[in-house]
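Undergrad: Below are the structure tokens for one structure; questions will follow.
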């Protein structure tokens, strides 16, 4: 039930252009602690599994995250982009391009950095308008993140490794 709920939640986040949380959920579902739970995954409706696979394909790192970049670029605000893409672009722009070329400031580099920052700022122009539902918000605020090791230990308790 949790896997189905998270897959459905990831799909809704994608539709809302909340790519940051969408990617967090998809990566968690694909992580070793959850992906190894074969008995649990076998109980998930095939349509949900297929939808999960389709969503995962949107974040594949092939060709510098080409699919994800295209989706984010086409998203109309409000949008919460995956900031990791912008950070990678800024790192590339600053580290792989000289600041001075032939004794002159490299304005092409400056414009490139400016364009990246402006694309990110564009998504901050229009806010989401959600009503807070206290009965939902309160339990969510009480949750705490688990580290990978703890999640894997819980995973092993749910479905112990089968002897070889």
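Numbering (the working numbering), first residue to last: 397 to 560.
Think of the CB as a built atom: it goes at the ideal place given N, C-alpha and C, for glycine as much as any other residue.
Fair warning: this is a prediction, and the values are worked out from it, not measured in the lab.
#1: Short of 6 Å in beta carbon distance, which residues of its chain neighbour residue 489, apart from the five on each side in sequence? Order them along the chain.
#2: Assign residue 414 to one of three DSSP states: helix, strand, or coil.
#3: Count Cβ pairs between the stretch 460-480 and the stretch 428-447 that sit closer than 8 Å; are there 3 or more?
#4: On the premise that residue 486 lies in contact with residue 465, defined as a C-beta separation below 8 Å, what is that separation, rounded to the nearest angstrom?
#5: Please name the residue, chosen from 553, 435, 441, 421, that lies closest to residue 455 on a Cα-to-Cα basis.
#6: By Cβ distance below 6 Å, which residues in the same chain neighbour residue 409 in space, the five residues on each side in sequence not counted?
#7: Helix, strand or coil: which one does DSSP assign to residue 455?
#8: Is it the case that the Cβ atoms of residue 478 and residue 468 are separated by a distance below 9 Å?
#9: Could you check what DSSP says for residue 496 in three-state terms: helix, strand or coil?
TA: Inspection of the coordinates gives the following:
#1: 508, 509
#2: strand
#3: no
#4: Actually they are not in contact, since the Cβ atoms of residue 465 and residue 486 sit about 14 Å apart, beyond 8 Å.
#5: 421
#6: 417, 418
#7: coil
#8: yes
#9: strand
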